[in-house]
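Chemist: In order, the protein sequence lines correspond to chains Y and F. The opening position of the first sequence corresponds to residue 0 in numbering that gives the first Met the number 0, with each subsequent residue numbered one higher. The opening position of the second sequence corresponds to residue 0 in numbering that gives the first Met the number 0, with each subsequent residue numbered one higher. C-beta: ideal position from N, C-alpha, C; glycine also. Since the model is a prediction, treat every value here as computed from it, not as a measurement. Dropping the structure in here first, questions after.
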Amino acid sequence: MRLGISWDTDRFDDAASGWQEILSEAEQADKLGFHSVWIGEGRESAADISAPSIFLTYLARLTNNVQLRISGRRVTHALPAHIAEEVAVLDTFSRGRAGISFAGASAQGVPSAHVHEMIDFVTMAFASDELRYRGDHIRFPAHTPDDAPKGASVPESEGPYLAQWDWGPETPDFLAITPKPYVPHTPVAVEIDDDETLDWAAKNGISPMIGAEVATDEAADRLARYRKTADAAGRARREVEAVLERRIALDGDSDAHTLGGSPSDILNAIRDLRGRTGISHFVWRRNGAVPMDLYRFASEIEMLLQA
Amino acid sequence: MEFWTTSIGISKMRPIPSALGDGYDKFVNDAVEAEALGFDGYGSGEHHFMYDEFMPIPLQAMAAVASKTSKIRLSTNAMLLPLYDPIEAAEIASTLDVLSNGRVSLGLGMGYRPYEFDGFGTKKTTRGARLREAMEVLRLATTQESFSYQGKHYQYENERLQPRSIQRPIDLWFCGGTSLQGARRAGAAGLGYWLANSPYDHTENIVKEYRQAGEEAGFAPSELRIASFKDVCIGNTMAEAEGLRQMLMDSFYDEHILGYGYLVDEDGKNIYNPPKDHPLYERFISSLYCGTVEMVIEELKRYEALGMDMIFLPSQQRETIAKEILPEFRK
Chain Y
0 MRLGISWDTD
10 RFDDAASGWQ
20 EILSEAEQAD
30 KLGFHSVWIG
40 EGRESAADIS
50 APSIFLTYLA
60 RLTNNVQLRI
70 SGRRVTHALP
80 AHIAEEVAVL
90 DTFSRGRAGI
100 SFAGASAQGV
110 PSAHVHEMID
120 FVTMAFASDE
130 LRYRGDHIRF
140 PAHTPDDAPK
150 GASVPESEGP
160 YLAQWDWGPE
170 TPDFLAITPK
180 PYVPHTPVAV
190 EIDDDETLDW
200 AAKNGISPMI
210 GAEVATDEAA
220 DRLARYRKTA
230 DAAGRARREV
240 EAVLERRIAL
250 DGDSDAHTLG
260 GSPSDILNAI
270 RDLRGRTGIS
280 HFVWRRNGAV
290 PMDLYRFASE
300 IEMLLQA
Chain F
0 MEFWTTSIGI
10 SKMRPIPSAL
20 GDGYDKFVND
30 AVEAEALGFD
40 GYGSGEHHFM
50 YDEFMPIPLQ
60 AMAAVASKTS
70 KIRLSTNAML
80 LPLYDPIEAA
90 EIASTLDVLS
100 NGRVSLGLGM
110 GYRPYEFDGF
120 GTKKTTRGAR
130 LREAMEVLRL
140 ATTQESFSYQ
150 GKHYQYENER
160 LQPRSIQRPI
170 DLWFCGGTSL
180 QGARRAGAAG
190 LGYWLANSPY
200 DHTENIVKEY
210 RQAGEEAGFA
220 PSELRIASFK
230 DVCIGNTMAE
240 AEGLRQMLMD
250 SFYDEHILGY
260 GYLVDEDGKN
270 IYNPPKDHPL
280 YERFISSLYC
290 GTVEMVIEEL
300 KRYEALGMDM
310 IFLPSQQRET
320 IAKEILPEFR
330 K
């Protein structure tokens, strides 16, 4: 089981001070053995982070161990090639620690097919050299014709190599997005907030993520349905990581979104969710710092979840 | 006059194959060294879909640099603004501006490689207008709490930038190549103008055109800032300096200057793979200044006398430049 942390940013008065707290906690998490930090894309409050890849690339040089996950990435605020590029650059600066989770369709007011196309495009860009893409929402390069195969395609016959500096003013039909991520299979997830996305992600081997805004019972139900659909489609459990984000109240009370109680209570609550849903990555959404709480979680919960 | 610089590492180079991850490390470490040596700024360029895996998002490279430096300005040279949604560009710039405590300087260019435009679905023919509109959007986004903008290519209604940048506005430079037309446009808009490598005589003409256009548009001389890339090759003898220049041409520049339409005539037409006796290529070669330390100092003093605010020096010979040349400008 991997354990990570993420942050509510709406409790900070301004970006400069709030971000310092996030950076400090991320560095602590890196040293304490947490597996990941997640920076969500947001634009509502003063300390929201609209460019998580910039924030995480800054953090990449301050940490050595934690995975650096972009979360809630919206398809409407960046061009498709930029999203593939930002993940690859982060992965190279951090030597293989990058990952990305896309926001669900309803959270950004787009058709679910738009989100699916973006994930299909980005993952194909990671896995291919020259490619083109024809979708309803993405076309790469722009001159890709209407009769090109639907989705991603690669050249069938490559012919002799023509160096880029000899292309002249013509654009070839297929382009390679570079650099490539440092690792061959960068973690890519999507927030499951509609049935179409649950079905599509489960059948296509895309990892599911459920954020802290969803109540725990509903989150468990969605993840269980995801697993059932994936099993029926013949997808192996090892292909994906199921990610669940919850709030934690050490020595506090549980509620619909929060796992509370003693470290032992929280340990058992996470184990129970793992048994019910098959989660392999648990993320603690932090909404306030309590002295030593990261240390206590690492010492009394994280290690005991491993075996 | 400030001195900014860069380093290799944000792309691979065919004559010296190396791991890209090591290159990224070098890029950050060289920035730390440049800051310690007294350079005022450090930057990354931008290209896409490249065989040499050139850095596609320069502000991301500068985010890595920001975490290990504290004073040096973090620049793009250039960020190809028409390939971004302007709000996306403003967001990544303001995010870095907050993380770096207000050290971002955006050198903004229009781009010239056709396949880059095709990859992002932007018409190359609209790049000049898009650049000018997007720069205005950046200025508005980083000065006002909320703003509206109605341009031909970009429209926004009650838009609000998150996060709020530290600099109000963020530092903007128009990277206009070597054309007189670009200089006039930048001057008329009161934008800082950052010109590409040019021989001194051409630079002098550019500065004159820029200032004249700016003053005619009502901008005070103090509002008109000008900068230049200036590659220098330093040797104990002229032959040694020219040998270094030839090595640079063979290892990097010929491929990039000849092949991708970098050279542009006064009508704005890109020239692909011209012969090496083409006047524009010869002008480019002569813009890479060769000389001894004393000659380079004398040349840069001429730029200082033109009122240059900043000179962007190459990555090679950084220590020699810092120890033997920069002190002559710090007295």
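Using only the alpha-carbon positions, how far apart do Arg126 (chain F) and Arg236 (chain Y) sit?
Modeler: Working through the second sequence from its first residue, we reach residue 126 (chain F) at position 127. Working through the first sequence from its first residue, we reach residue 236 (chain Y) at position 237. For Arg126 (chain F) and Arg236 (chain Y), the distance between alpha carbons rounds to 47 Å.
Chemist: Could you check what DSSP says for Trp166 (chain Y) in three-state terms: helix, strand or coil?
Modeler: By one-based count along the first sequence, residue 166 (chain Y) stands at place 167. Trp166 (chain Y) falls in the coil class under three-state DSSP.
Chemist: For a minimum of 3 consecutive residues, which ranges assigned as the beta strand (DSSP E) are wholly contained in the region 143-190 of chain F?
Modeler: The qualifying runs are 146-149, 154-158 and 170-174.
Chemist: Is Phe92 (chain Y) close to chain F, meaning its C-beta is less than 8 Å from at least one C-beta of that chain?
Modeler: On the first sequence, residue 92 (chain Y) is found 93 positions in, with the first residue counted as 1. True, the Cβ-Cβ gap to chain F drops below 8 Å.
Chemist: What residues in the region 30-61 of chain Y have a beta carbon less than 9 Å from any beta carbon of chain F?
Modeler: Result list: Gly41, Arg42, Glu43, Ser44, Ala45, Ala46, Asp47, Ile48, Ser49, Ala50, Pro51, Ser52, Ile53, Phe54, Leu55, Thr56, Tyr57, Leu58, Ala59, Arg60 and Leu61.
Chemist: Would you check if the region 161-168 of chain F and the region 100-108 of chain F touch, i.e. whether three or more CB-CB distances between them fall below 8 Å?
Modeler: Touching, yes, given that three or more Cβ pairs across the two stretches are closer than 8 Å.
Chemist: Kindly indicate the opening and closing residues of the beta strand (DSSP E) around Thr4 (chain F).
Modeler: Working through the second sequence from its first residue, we reach residue 4 (chain F) at position 5. Run containing Thr4 (chain F): Glu1 to Thr4, per the beta strand (DSSP E) assignment.
Chemist: Of the choices Y:Phe120, Y:Asp146 and Y:Asp9, whose alpha-carbon is the least far from that of Arg42 (chain Y)?
Modeler: Translated into the one-based positions of the first sequence, residue 42 (chain Y) becomes position 43. That would be Y:Asp9, whose Cα lies nearest to the Cα of Arg42 (chain Y).
Chemist: With H, G and I counted as helix, E and B as strand and the rest as coil, what does DSSP make of Arg138 (chain Y)?
Modeler: Along the first sequence, one-based indexing puts residue 138 (chain Y) at 139. Reduced to three states, the DSSP call for Arg138 (chain Y) is strand.
Chemist: Count the other CB atoms within 10 Å of the CB of Ile308 (chain Y); is the residue buried (16 or more) or exposed (fewer)?
Modeler: Residue 308 (chain Y) is absent from the structure shown; chain Y starts at 0 and stops at 306.
Chemist: Looking only at its own chain, which residues have a Cβ that is under 6 Å from the Cβ of Trp6 (chain Y), when we skip the five neighbours before and after it?
Modeler: Against the first sequence, residue 6 (chain Y) aligns to sequence position 7. Taken in chain order, the residues that qualify are Ile21 and Arg285.
Chemist: Can you tell me whether DSSP reads Tyr302 (chain F) as helix, strand or coil?
Modeler: Within the second sequence, residue 302 (chain F) is the residue found at index 303, counting from 1. Tyr302 (chain F) falls in the helix class under three-state DSSP.
Chemist: Is there contact between the region 134-150 of chain F and the region 84-96 of chain F, where contact requires at least three CB pairs shorter than 8 Å?
Modeler: Yes, the region 134-150 of chain F touches the region 84-96 of chain F.
Chemist: What are the residues that DSSP puts in a beta bridge with Thr141 (chain F)?
Modeler: Taking the first residue of the second sequence as 1, we reach residue 141 (chain F) at position 142. The partner list for Thr141 (chain F) (beta bridge, DSSP) is empty, contrary to what the question assumes.
Chemist: Pull the bridge partners of Pro207 (chain Y) from the DSSP assignment, please.
Modeler: Taking the first sequence and counting its residues from 1, the one referred to as residue 207 (chain Y) is at position 208. Note: Pro207 (chain Y) sits in a beta bridge opposite Y:Val189.
Chemist: What is the rounded straight-line gap between the Cα of Phe101 (chain Y) and the Cα of Leu105 (chain F)?
Modeler: The residue you call residue 101 (chain Y) lines up with position 102 of the first sequence. The residue you call residue 105 (chain F) lines up with position 106 of the second sequence. Computed Cα separation, rounded: 28 Å.
Chemist: Please report the distance separating the alpha-carbon of Pro110 (chain Y) from that of Gly95 (chain Y).
Modeler: As a first step, residue 110 (chain Y) must be located in the first sequence, where it is residue number 111. As a first step, residue 95 (chain Y) must be located in the first sequence, where it is residue number 96. Going by the C-alpha atoms only, they are around 31 Å apart.
Chemist: Quick one, which residues of the region 39-59 of chain F are near chain Y if we go by CB-CB under 9 Å, in chain order?
Modeler: Hits within the stretch, in order: His47, Phe48, Met49, Tyr50, Asp51, Glu52, Phe53, Met54, Pro55, Ile56, Leu58 and Gln59.
Chemist: Mind checking which residues open and close the beta strand (DSSP E) that includes Met309 (chain F)?
Modeler: If you number the second sequence from 1, residue 309 (chain F) lands on position 310. Where Met309 (chain F) is concerned, the enclosing beta strand (DSSP E) stretches over Met309 to Phe311.
Chemist: Among all the DSSP beta bridges, which residues are the ones paired with Glu40 (chain Y)?
Modeler: For the purposes of this step, residue 40 (chain Y) is identified with residue 41 of the first sequence, where counting begins at 1. Y:Ile48, per the DSSP bridge assignment.
Chemist: Below 8 Å between beta carbons: does that hold for Arg224 (chain F) and Gly258 (chain F)?
Modeler: Start at 1 with the first residue of the second sequence, and residue 224 (chain F) comes out as number 225. Start at 1 with the first residue of the second sequence, and residue 258 (chain F) comes out as number 259. No. Outside cutoff.
Chemist: Counting only beta-carbon separations shorter than 8 Å, does Asn269 (chain F) have a partner in chain Y?
Modeler: Counting from 1 along the second sequence, the entry for residue 269 (chain F) is found at position 270. So yes, Asn269 (chain F) belongs to the interface.
Chemist: Please go through the same chain and pick out, in chain order, the residues whose beta-carbon is closer than 7 Å to the beta-carbon of Arg159 (chain F), but skip the five residues on each side of it.
Modeler: If you number the second sequence from 1, residue 159 (chain F) lands on position 160. Glu144 and Ser145.
Chemist: For chain F, is any of its Cβ atoms less than 8 Å away from the one on Val282 (chain Y)?
Modeler: Counting from 1 along the first sequence, the entry for residue 282 (chain Y) is found at position 283. Output row for Val282 (chain Y): interface = no.
Chemist: Terminal residues of the continuous alpha helix (DSSP H) containing Gly242 (chain F)?
Modeler: In the second sequence, the residue the question calls residue 242 (chain F) occupies position 243. Unbroken alpha helix (DSSP H) run through Gly242 (chain F): Met237 to Leu247.
Chemist: Taking the runs of the alpha helix (DSSP H) that are 4 residues or longer, which of them lie wholly in the region 7-38 of chain F?
Modeler: Listed in chain order, the complete alpha helix (DSSP H) runs (minimum 4 residues) inside the region 7-38 of chain F are 19-36.
Chemist: Strictly under 8 Å for the Cβ-Cβ distance: is Lys67 (chain F) near chain Y by that measure?
Modeler: The residue labelled residue 67 (chain F) in the question sits at position 68 within the second sequence. It does; some Cβ of chain Y falls within 8 Å.
Chemist: With a 10 Å radius around its C-beta and 16 neighbouring C-beta atoms as the bar for buried, classify Met237 (chain F) as buried or exposed.
Modeler: To locate residue 237 (chain F), count along the second sequence from 1; it is residue 238. Result: exposed.
Chemist: So the candidates are Y:Lys30, Y:Glu116, Y:Glu129 and Y:Glu169; which of them puts its Cα closest to the Cα of Pro79 (chain Y)?
Modeler: Taking the first residue of the first sequence as position 1, residue 79 (chain Y) is located at position 80. When each option's Cα is compared against that of Pro79 (chain Y), the closest is Y:Glu116.
Chemist: First and last residue of the beta strand (DSSP E) that includes Ile69 (chain Y)?
Modeler: As a first step, residue 69 (chain Y) is located in the first sequence; it is residue number 70 there, counting from the start. Element bounds for Ile69 (chain Y): Gln66 to Arg72.
Chemist: Determine the chain F residues that contact Gln66 (chain Y) at a beta-carbon separation under 8 Å, and present them in chain order.
Modeler: Translated into the one-based positions of the first sequence, residue 66 (chain Y) becomes position 67. Neighbours of Gln66 (chain Y) on chain F: none; closest Cβ ~16 Å, over 8 Å.
Chemist: Do we get a CB-CB distance below 8 Å when we pair Ala124 (chain Y) with the residues of chain F?
Modeler: Within the first sequence, residue 124 (chain Y) is the residue found at index 125, counting from 1. No, no contact with chain F.
Chemist: Between which two residues does the alpha helix (DSSP H) holding Leu174 (chain Y) run?
Modeler: Your numbering for residue 174 (chain Y) matches position 175 in the first sequence. Looking at the DSSP string, Leu174 (chain Y) is not in any alpha helix (DSSP H), and its letter there is neither H nor E.
Chemist: At a Cβ threshold of 8 Å, is Glu85 (chain Y) touching chain F?
Modeler: As a position in the first sequence, residue 85 (chain Y) is number 86, starting the count at 1. With 8 Å as the cut-off, Glu85 (chain Y) counts as an interface residue toward chain F.
Chemist: Below 8 Å on C-beta distance, what does Asp29 (chain F) contact in chain Y?
Modeler: Here the question's residue 29 (chain F) lines up with position 30 in the second sequence. Here the premise fails: no neighbours, minimum Cβ distance about 14 Å.
Chemist: Enumerate in chain order the residues of its own chain whose CB-to-CB distance from Arg224 (chain Y) is below 7 Å, with the five nearest sequence positions on each side excluded.
Modeler: As a first step, residue 224 (chain Y) must be located in the first sequence, where it is residue number 225. For Arg224 (chain Y), where only same-chain residues beyond five positions count, the Cβ hits under 7 Å are Leu197.
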